[in-house]
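Residue numbers (the working numbering), protein chains in the order written: chain A, 7 to 593; chain B, 7 to 593.
Note that the Cβ used here is the ideal one computed from N, Cα and C, for glycine as well.
Here is the structure we will look at, set down as structure tokens.
2 protein chains.
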Amino acid sequence: MYRSNTCGELRLSDRGKKVTLAGWVQRIRKMGSLNFIDLRDRYGITQLSADDNSPKEVLDIIANLGREYVIQVEGEVIERQSKNNKIPTGEIEIKLESINILNPAAIPPFTIEDQTDGGEDIRAKYRYLDLRRNPLKSALSLRHKIALETRKYLDEQSFMEIETPFLIKSTPEGARDFVVPSRMNPGEFYALPQSPQTFKQLLMVAGYDRYFQIVRCFRDEDLRADRQPEFTQIDCEMSFVEREDVLQMFEGLTKHLFKSVLNKEITEAFPRMSYDYAMEHYGSDKPDIRFEMQIQDISELVKGKGFSIFDQANYIGAISATGCAGYTRKQIDELTEWVKRPQIGAKGLVYIKLGDEIKSSVDKFYTPEDLQKIGNKLNAQKGDLILILCGEKKKTQTQLGALRLEMGNRLGLRDNSVYKPLWICDFPLLEWDDETQRFYAMHHPFTAPKPEDLDKFFSNNQSDLAEVKANAYDIVLNGNEIGGGSIRIHDNKIQKRMFEILGFSSEQAEYRFGFLMNAFKFGAPPHGGIAFGFDRLCALFGGQETIRDFIAFPKNNMGRDVMADSPSVIDDTQMEELFIKSTASKE
Amino acid sequence: MYRSNTCGELRLSDRGKKVTLAGWVQRIRKMGSLNFIDLRDRYGITQLSADDNSPKEVLDIIANLGREYVIQVEGEVIERQSKNNKIPTGEIEIKLESINILNPAAIPPFTIEDQTDGGEDIRAKYRYLDLRRNPLKSALSLRHKIALETRKYLDEQSFMEIETPFLIKSTPEGARDFVVPSRMNPGEFYALPQSPQTFKQLLMVAGYDRYFQIVRCFRDEDLRADRQPEFTQIDCEMSFVEREDVLQMFEGLTKHLFKSVLNKEITEAFPRMSYDYAMEHYGSDKPDIRFEMQIQDISELVKGKGFSIFDQANYIGAISATGCAGYTRKQIDELTEWVKRPQIGAKGLVYIKLGDEIKSSVDKFYTPEDLQKIGNKLNAQKGDLILILCGEKKKTQTQLGALRLEMGNRLGLRDNSVYKPLWICDFPLLEWDDETQRFYAMHHPFTAPKPEDLDKFFSNNQSDLAEVKANAYDIVLNGNEIGGGSIRIHDNKIQKRMFEILGFSSEQAEYRFGFLMNAFKFGAPPHGGIAFGFDRLCALFGGQETIRDFIAFPKNNMGRDVMADSPSVIDDTQMEELFIKSTASKE
């Protein structure tokens with residue numbers, strides 16, 4: 007071993023000990039004849055010191071040291087003259103007796119500090135240097151801890167972690183598969199799993215009634231911001247359960263993680279909200295309930311007063327921003343521009359200021375009493391600002407939802423150290439797509455309809471089908487979906503009907519999911535499960551919005567690893583062996 | 007929840023309780039008016055009973071039940087008339103009050119019993135039914151436990167589990183890569199990792215000094231028996247360590263697994279053996295040391311006595327099989343045929359029986375005293391049988407190694423409940439390949455030469471290079487390599503020399519491993535690691551020779567999942583999007 011101690015563990019109580027440390031040179035300071043070196047490793051920083059009385063070899067080496075050199079040192083633990091109470095080792099330093107350069111280092115292209123001077127691109131290219139910085143070290147350490155605590159908890163609940171294959175069958179429904187040509191089976195391809203969905207259902211058929219896996223999944227999608235082509239899931243499934251059992255179990259897991267990882271005790275049950283309520287009052291199926299500011303439908307209060315825009319609108323909704331009645335013209339204009347940006351897409355913004363007087367952009371059409379009634383509906387107080395949007399219902403609710411989050415940000419109501427989890431339930435089972443003139447599964451084709459909606463599910467009436475609710479649920483944290491799942495179909499008749507509704511011919515269904523449907527003939531238990539987005543969960547636990555720092559080696563928006571410069575071209579012979587040819591034009 | 011208890015937990019102390027169970031019908035027995043059903047779930051089997059006094063609905067349903075039906079039952083826990091002491095629930099049964107069929111089942115194509123009547127192919131096709139059998143359930147349960155205990159142990163030793171990417175750069179050296187065409191980067195491909203080797207070394211450069219991961223790896227090899235295209239590794243790496251530190255740490259892990267999983271306490275240190283010694287005396291770099299029967303070179307004792315085959319042989323080696331002097335002519339002939347099979351490839355077999363008299367197949371050339379000297383060299387006793395092979399040294403040693411294992415089997419010396427781990431060290435760094443006239447890395451190109459061999463490593467003399475030992479080690483259990491690793495090269499000069507020896511141009515080295523070599527310029531610590539073959543480890547802990555039952559969904563020798571019928575053809579449009587074309591001829 008190159009060291010007797012790490013750079014994070016020595017304290018005043020170790021005074022007088024001879025120690026050997028190894029690590030990276032974080033910083034070198036000269037103060038007259040005094041030399042100080044901050045030596046860094048994964049565990050912390052320890053100060054090394056040398057002065058005129060130090061061995062000449064030590065001073066010679068120090069004179070030639072550079073940042074990020076890897077060194078091994080020996081010396082005595084002594085008390086510091088000027089203590090640093092910001093770090094745990096701040097009361098001691100090592101009086102150097104010898105230094106050994108284990109490896110020199112070129113000058114790093116950016117500073118290895120909590121706040122670095124490196125831009126995103128250069129840090130991505132030198133990811134191994136970026137990973138030396140504390141914020142990334144904490145992020146990966148947190149991720150390790152969440153994974154371990156998840157495993158411990160689920161093991162205690164009799165879950166078995168079972169590994170499912172990565173080279174599976176391509177069943178294109180939903181996102182695009184990544185595929186892998188098979189050398190031994192010419193012309194045939196494996197797919198990489200978008201999730202272990204079918205395998206975990208087969209495990210339920212096989213009787214493994216509590217399964218989980220922390221597992222990589224793959225989706226060949228155009229990458230929106232903060233999406234990765236490969237991502238990690240906590241994937242879980244249980245047999246002989248109803249919705250309530252699944253919710254209880256994974257509410258338990260979530261609470262355990264809050265307690266064991268963040269030391270936050272959540273004693274009360276997570277709120278539950280229907281999808282319809284969430285859309286109606288938060289304009290989102292993943293409401294951030296760290297703050298109220300609910301959306302209200304005010305159509306009844308504003309129609310028929312001569313304001314033609316409202317009179318013609320399909321829906322008029324509003325939120326009330328606490329204490330914002332004092333917003334200036336300029337601030338209102340800015341908000342108006344904000345809602346009109348293409349990302350939001352509203353046509354305009356109507357406001358009501360509940361100041362000493364009530365003022366609004368539609369004073370011409372409404373009396374102060376009319377406006378006060380709107381305020382009352384919103385539970386608004388004097389001093390609040392009411393913001394109103396109108397248009398097609400779902401679209402306008404979504405716009406109000408975005409505006410609500412924006413006002414939450416402006417008012418500092420979205421504190422990342424506050425955690426407000428909730429369950430969203432009763433999603434629609436099916437979504438109609440006008441373009442392809444067919445239904446798509448909102449969740450996936452194995453999600454069970456709610457038992458009370460089975461009649462509608464077997465109806466041939468499109469509007470009946472649109473009303474069928476799924477026995478599905480999402481777990482939402484601070485405006486982010488962190489997990490989702492459902493009770494699955496275990497009845498072959500219902501599964502067949504589902505494929506029929508989704509427009510699969512029985513041949514297609516047989517080709518794609520035949521082995522699953524076949525398995526269901528041999529005694530499938532009632533079952534259901536959930537999958538957590540592990541990258542997102544880690545980021546939220548770390549108080550961050552983006553997942554990239556919580557993945558050791560992420561890819562960029564083009565799916566590239568800029569560090570390794572991958573993907574890359576491969577040899578023609580390699581392709582020949584795989585019975586494929588590239589059709590990309592070579593430059 | 008569909009049940010109040012599992013089928014494995016009720017005992018006599020639960021007598022009188024009303025319970026609800028759910029599970030699969032294992033067996034139905036009618037004895038006069040008595041009906042018995044064995045109900046099975048993951049946790050065990052509980053007997054259900056009904057008689058003339060049971061509700062009519064219950065009796066009606068029982069009359070129509072079949073094997074593997076999924077049912078939910080209610081009833082009272084009562085004491086059994088005739089107890090079954092082979093199962094933990096054998097003292098009680100459930101007096102049925104109601105039965106609810108949750109799902110019927112088609113007749114399974116083979117019996118779901120410990121000893122099934124199903125052949126391998128049919129069981130592979132219906133893997134989800136095979137997985138219901140106890141041997142597979144125990145295998146996967148063991149695997150879960152080994153994984154969890156590995157994680158707990160390594161976490162306690164400050165290791166962090168860090169996930170590395172699956173979509174990586176293709177760096178063809180060693181086995182073939184599986185590749186994944188990139189849609190967003192036309193003409194370019196990702197590779198699936200053969201191991202996270204480069205990433206774990208980058209993590210060491212990044213300062214994560216104790217890394218591990220239980221991770222899937224991929225190799226597109228022609229599948230020898232008991233190899234899988236995707237397999238799992240316990241992958242580990244440490245910084246600031248020497249060989250001794252790595253061996254101590256993972257000897258500790260192995261002992262922890264023996265204790266926590268198998269309740270076997272191993273207190274003594276694992277033996278260590280050099281590669282040369284293992285080849286010389288066991289004819290294998292993974293010796294089974296559950297039994298002695300070491301190979302000895304007897305050339306000196308047998309040459310020059312007029313037996314021309316031995317006189318002309320490059321090497322003559324022997325083993326002594328305890329108590330086999332009584333082998334008949336027929337048995338000796340059979341052994342002779344066995345060593346002459348193409349898999350072994352020996353030309354013939356010479357024997358010496360140390361019976362009341364000493365008899366051999368070469369009595370013509372050797373006196374009993376000559377033969378006794380051979381016996382003495384082998385430490386053979388009266389009653390033993392000496393078996394001799396000769397030929398080219400390495401080949402003959404390997405043949406003797408195989409013969410040794412065969413005799414071990416015949417003598418019952420290879421008990422799967424006995425565990426004898428050991429370390430093999432001091433492997434050659436390089437292997438010369440006559441065909442391509444170049445050296446290959448025996449381990450991989452990042453393995454460090456032993457410090458004392460550095461002069462030879464920088465020599466241009468081929469015979470010097472062939473003598474360089476690697477700072478590498480394997481951990482071997484009962485004749486199987488369960489893990490291997492090495493101290494890595496952390497010095498850029500040594501790494502460059504390595505690539506040079508392997509015949510990479512600097513452009514090739516740069517293209518393939520540039521990012522790693524570049525990383526090494528910024529302060530690489532001394533580091534080393536190990537990877538355990540997790541599938542094999544699990545199989546050995548389960549006392550089995552084949553890994554297939556320890557993988558939930560394995561592939562066959564053609565890399566096919568016969569259950570899902572994968573790999574499979576994909577749509578032309580899917581290929582177009584990926585900028586590839588299949589060149590396989592369509593039938």
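With contacts defined as CB atoms closer than 8 Å, A/Q302 and A/A324 qualify as a contacting pair.
A Cβ-Cβ contact shorter than 8 Å links B/G289 with B/R410. Membership of A/C330 in any beta strand (DSSP E) is not indicated, and neither H nor E is assigned to it by DSSP.
According to the DSSP secondary-structure assignment, B/H533 is paired through a beta bridge with B/S245.
DSSP places A/S147 within a helical segment (H, G or I) once states are collapsed to three. The DSSP-derived three-state label of A/Y132 is coil. Looking at the DSSP output, A/A558 shares a beta bridge with no other residue. Cβ contact annotation for B/R9 (same chain, cutoff 6 Å, sequence separation greater than five): T26, L27 and A28, in chain order. Neighbourhood of B/H496 in chain A, by CB distance below 7 Å: N109, in chain order. If you look at B/K24, you'll find it in the beta strand (DSSP E) that goes K24 to M37.
Pairing A/R86 with A/Q53 gives a Cβ-Cβ distance under 8 Å. Under the three-state reduction of DSSP, A/V76 is assigned to strand.
A Cβ of chain B is located within less than 8 Å of the beta carbon of A/T238. Of all C-beta pairs linking the stretch 142-162 of chain A to the stretch 578-589 of chain A, fewer than three are shorter than 8 Å, placing the two stretches out of contact. Note on B/V64: 16 or more other CB atoms within 10 angstroms of its CB, so buried under the neighbour-count rule. Per DSSP, reduced to three states, the secondary structure at B/L435 is coil, with no helix or strand assignment. Taking every protein chain shown into account, the CB of A/Q387 has fewer than 16 other CB atoms within 10 angstroms, so this residue is exposed.
For A/D480, the enclosing beta strand (DSSP E) has its first and last residue at A478 to L483.
Just so you know, the alpha carbons of A/G22 and A/I84 end up roughly 6 Å apart.
C-alpha of A/F116 to C-alpha of B/A530: approximately 17 Å in a straight line. If you ignore the 5 residues before and after A/M564, its C-beta comes within less than 8 Å of the C-beta of L229, all in its own chain and listed in chain order. Non-local beta-carbon contacts of A/I107 in its own chain, meaning distances under 7 Å to residues more than five positions away in sequence, involve I67, Y75 and I77 in chain order. With its beta carbon less than 8 Å from one in chain B, A/Y214 belongs to the interface. The Cβ of B/A558 sits closer than 8 Å to at least one Cβ of chain A. Inter-residue distance for B/A515 and B/F505 is about 7 Å (C-alpha atoms, whole angstroms). Along the stretch 76-92 of chain B, the positions whose C-beta sits under 7 Å from a C-beta of chain A are V76, read in chain order. For B/P374, the enclosing alpha helix (DSSP H) has its first and last residue at P374 to K383. Contact between the stretch 475-491 of chain A and the stretch 251-262 of chain A is present, with at least three C-beta pairs closer than 8 Å.
Taken in chain order, the complete alpha helix (DSSP H) segments of 4 or more residues contained in the stretch 241-312 of chain A are 249-268, 281-288 and 305-308. In the structure shown, B/A525 falls within a helical segment according to DSSP collapsed to helix, strand and coil. Shortest Cα-Cα distance from B/S423 to any of B/G414, B/A590, B/Q550 and B/E437 involves B/Q550. When C-beta atoms of the stretch 519-527 of chain B are compared with those of the stretch 460-471 of chain B, fewer than three pairs fall below 8 Å, so the two segments do not count as touching. Contact with chain B is absent for A/V308, since none of that chain's Cβ atoms lies less than 8 Å from the residue's Cβ. Excluding the 5 residues flanking it on each side, B/R133 has same chain C-beta neighbours closer than 7 Å at F559 and M569, in chain order. Chain-ordered, the chain B residues with CB closer than 7 Å to the CB of A/D226 read R189.
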